[in-house]
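Structure first, then comments.
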Amino acid sequence: MRVSELVKKTGLKTFNEGVDKEITGVYISDMVSDIIGIKEGHLLITLQTHKNLIAAANLVDVAAVVFSRNRIPADDVVALANRAGIKLLGYDGDTWSLAKKLCELKIG
Amino acid sequence: MSKAACRHQWTMTNVRPGYLVIEGCFHCRNRISFFSQESVAPIDDYHEGEHFWSHLAHYQASQFDLKCEKCSAEVPLKEVMALMLCMKCNPSCGVYAAGTQKPGQKTWVYAALCANTSHSPKKCISPKSLSALNEYFNQGIKDPAKKIVVVPCRLRKSVDTCQGIVLADFGLTDLY
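Residue numbers (this note's numbering), protein chains in the order written: chain X, 1 to 108; chain L, 109 to 284.
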C-alpha cells in the first residue's frame, strides 16, 4: 500500500507533501538510536518530533513518519523532511490504537 | 563464495545499546568520546597523563557491527561512536565538500564520528568500516537519484561550529 492510500483509509493528518512511497512494513520506536536499524520502506510511528529523528529516518529511507498522540513537528523539522522527501503524518490517538488500525488494514 | 569476490549484502549484527559519553579536558581543550554499555552513564572526572577529563554530556545511543548475509564476512564498528548528518553549514568544510552533487542527484552526507575529535593520534574511522557503512546504507534505497555518503569525521573543519545532527537520543536520560 502507498502512503497516500493509507492517509485516505485512516484519515491521518499530513504536515507536508513528501514522496508517496510504498509501505513495506511498520516500526514503532521513540529512540533515534533504535531507528537506524530498521529496513527501508517502513512506516515509522513515533512520539518524537526532534530533528534527529528525520536525520535517522532519511538514513534508513522510511516510507513516512507518523507522529501519534497529536504531536506536531516544528517548522525546522518539516523543512528538513521536505528536503529529504519524507512525508510527515499525524494521528490524534495513541500508538496502540493506530497499530490496531494498521493490522486491520494488513499493513506490516 | 570467497569474501573478496562477494557483492556483500550487509545486515546489522551485535547491536549494543548504551551511551555516547563526551568528555573534555580543560587543560588542552580537546574533546573525546566513548561508548559505554554500563546501565548508568559514567560521569566521573579523572586525570590521565597531562589531561584532566571532565564529563560534558551523554546520550543514549547504540553501536552495531555489519555482517554479510551471503559470505558471513563481519566488519566490527567499535570505532564508530555515532553518525552525524551534515547540515551544509560551511562550504569550506571537507564533509560539506563530500556532498557536492550533480544536478538531479540527492546526496546526503553523514560523518562517522570517531572517539577523538582532535585526531591527535592521527587515527579516524578505517576505510574498511566506511566502505561497509556506505554499502549498507545505500543497498536498499529505491530512489536511483538518492545517495548516502558516509565520510570520516577527520574531514570536519570545526567541531565547535559544526551544525551537524548527531544520531543519538538527546534528553532521554536527563532524569539521571
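Yeah, the Cβ is synthetic: ideal placement off N, Cα and C, and Gly gets one too.
This structure is a prediction, so every number in the text was calculated from the model and none was measured.
- Phe-278/L - DSSP class collapsed to helix/strand/coil: Walking along the second sequence from the start, residue 278/L turns up at place 170. Phe-278/L: coil per DSSP, three-state reduction.
- Task: May I have the straight-line CA-CA distance separating Leu-283/L from Val-148/L, to the nearest angstrom?
- Result: Here residue 283/L refers to the residue found at position 175 of the second sequence. Here residue 148/L refers to the residue found at position 40 of the second sequence. Reliability of the predicted coordinates at Leu-283/L is poor, the pLDDT of 44 falling under 50, and no value is obtained from them.
- Item | Tyr-218/L: contacting residues in chain X (beta-carbon distance under 7 Å) | Position 110 of the second sequence, counted from the start, is the residue given in the question as residue 218/L. Those within 7 Å of Tyr-218/L in chain X are Leu-59.
- Residues in its own chain within less than 7 Å of Leu-185/L by CB, not counting five upstream and five downstream? Counting from one through the second sequence, the residue named residue 185/L turns up at place 77. Around Leu-185/L: Gln-171, Phe-172, Asp-173, Leu-174, Ser-237.
- Query: Could you check where the beta strand (DSSP E) with Ser-200/L kicks off and where it finishes?
  - Reply: Residue mapping note: residue 200/L aligns to position 92 of the second sequence, counting from 1. Per DSSP, Ser-200/L belongs to no beta strand (DSSP E) and is neither H nor E.
- Message: Short of 6 Å in beta carbon distance, which residues of its chain neighbour Val-129/L, apart from the five on each side in sequence? Order them along the chain.
- Response: Reading the second sequence from its first residue, position 21 is the one you call residue 129/L. Counting only Cβ-Cβ distances below 6 Å, and skipping sequence neighbours, we find Phe-142, Ser-144, Ala-149, His-166.
- Message: Against Gly-37/X, what residues of chain L qualify as contacts under a CB-to-CB distance less than 8 Å, listed in chain order?
- Response: For the purposes of this step, residue 37/X is taken as the residue at position 37 of the first sequence. Within chain L, the residues near Gly-37/X are Met-120, Val-123, Ser-170, Phe-172.
- Query: So the alpha helix (DSSP H) Ala-57/X belongs to, where does it begin and stop?
  - Reply: For this step, residue 57/X is matched to residue 57 along the first sequence. 51-59 is the span of the alpha helix (DSSP H), which, as asked, contains Ala-57/X.
- What number of angstroms, rounded off, separates the C-alpha of Ile-54/X from the C-alpha of Val-66/X? For the purposes of this step, residue 54/X is taken as the residue at position 54 of the first sequence. For the purposes of this step, residue 66/X is taken as the residue at position 66 of the first sequence. Each residue's alpha carbon lies about 11 Å from the other.
- Query: What residue ranges within the region 183-248 of chain L form continuous alpha helix (DSSP H) runs of no fewer than 4 residues, ordered along the chain?
  - Reply: 202-205, 235-246
- Specify the secondary structure class of Lys-111/L as computed by DSSP and reduced to three states. If you number the second sequence from 1, residue 111/L lands on position 3. Coil, per DSSP.
- Task: Output the residue ranges of the alpha helix (DSSP H) runs that lie fully inside the region 59-102 of chain X and measure 4 residues or longer, sorted by chain position.
- Result: 75-84
- Task: Have a look at Val-7/X and Ala-74/X and give me their C-alpha separation to the nearest angstrom.
- Result: Along the first sequence, one-based indexing puts residue 7/X at 7. Along the first sequence, one-based indexing puts residue 74/X at 74. Whole-angstrom Cα-Cα distance: 21 Å.
- Query: Using a beta-carbon distance below 8 Å, is Lys-250/L in contact with chain X?
  - Reply: As a working note, residue 250/L is residue 142 in the second sequence. Taking Cβ atoms only, chain X reaches closer than 8 Å to Lys-250/L, which makes this a yes.
- Are the region 191-201 of chain L and the region 261-268 of chain L in contact at 8 Å, needing three or more beta carbon pairs? With the cut-off at 8 Å, the region 191-201 of chain L and the region 261-268 of chain L touch.
- Reduced DSSP secondary structure (H/G/I, E/B, other) of Leu-283/L: By one-based count along the second sequence, residue 283/L stands at place 175. Note that Leu-283/L has pLDDT 44, beneath the 50 cutoff, so the model's placement of it is unreliable and the number below is only indicative. Coil, per DSSP.
- Name the chain X residues whose beta carbon is nearer than 8 Å to that of Leu-193/L? Mapped onto the second sequence, residue 193/L falls at position 85. The answer, in chain order, is Ala-55, Asn-58, Leu-59.
- Of the residues that make up the region 263-278 of chain L, which ones have a beta carbon closer than 8 Å to any beta carbon in chain X? Ile-273, Val-274, Leu-275, Ala-276, Asp-277, Phe-278
- Inspect the CB distances between the region 79-93 of chain X and the region 7-16 of chain X and report whether three or more fall short of 8 Å. yes
- Where do the N-terminal and C-terminal ends of the beta strand (DSSP E) with Asp-173/L fall, by residue? Your numbering for residue 173/L matches position 65 in the second sequence. From DSSP, the beta strand (DSSP E) with Asp-173/L extends over 159-176.
- Task: For my contact list, Gly-207/L and Thr-215/L are in at a C-beta cut-off of 8 Å; report their separation, rounded to the angstrom.
- Result: Against the second sequence, residue 207/L aligns to sequence position 99. Against the second sequence, residue 215/L aligns to sequence position 107. Confirmed, about 5 Å.
- Does DSSP classify Val-123/L as helix, strand or coil? Numbered from its first residue, the second sequence carries residue 123/L at position 15. Per DSSP, reduced to three states, the secondary structure at Val-123/L is strand.
- Please check the pair Ile-256/L and Lys-51/X, which I expect to be a contact at CB under 8 Å, by giving their CB distance rounded to whole angstroms. Here residue 256/L refers to the residue found at position 148 of the second sequence. Here residue 51/X refers to the residue found at position 51 of the first sequence. Rounded, the Cβ-Cβ distance is 18 Å, inconsistent with contact.
- Task: Reducing DSSP to helix, strand and coil, say where Arg-262/L ends up.
- Result: As a working note, residue 262/L is residue 154 in the second sequence. Helix at Arg-262/L.
- Query: Can you find a C-beta in chain X that's less than 8 Å from the C-beta of Ile-233/L?
  - Reply: Stepping through the second sequence from its first residue, residue 233/L is reached at position 125. By this cut-off, Ile-233/L is not an interface position.
- Message: Comparing C-alpha positions only, which one of Lys-254/L, His-116/L, Gln-213/L, Ser-200/L sits nearest to Val-60/X?
- Response: If you number the first sequence from 1, residue 60/X lands on position 60. Comparing Cα-Cα distances from Val-60/X to each of Lys-254/L, His-116/L, Gln-213/L, Ser-200/L, the minimum goes to Lys-254/L.
- Query: Would Gly-37/X pass as a contact of Gly-25/X if the rule is Cβ separation under 8 Å?
  - Reply: As a first step, residue 37/X is located in the first sequence; it is residue number 37 there, counting from the start. As a first step, residue 25/X is located in the first sequence; it is residue number 25 there, counting from the start. Taking the C-beta atoms as reference points, Gly-25/X is found no nearer than 8 Å to Gly-37/X.
- Query: Going along the chain, which residues of its own chain have a beta-carbon closer than 8 Å to the beta-carbon of Gly-212/L, five neighbours each way excluded?
  - Reply: Here the question's residue 212/L lines up with position 104 in the second sequence. Ala-253, listed in sequence order.
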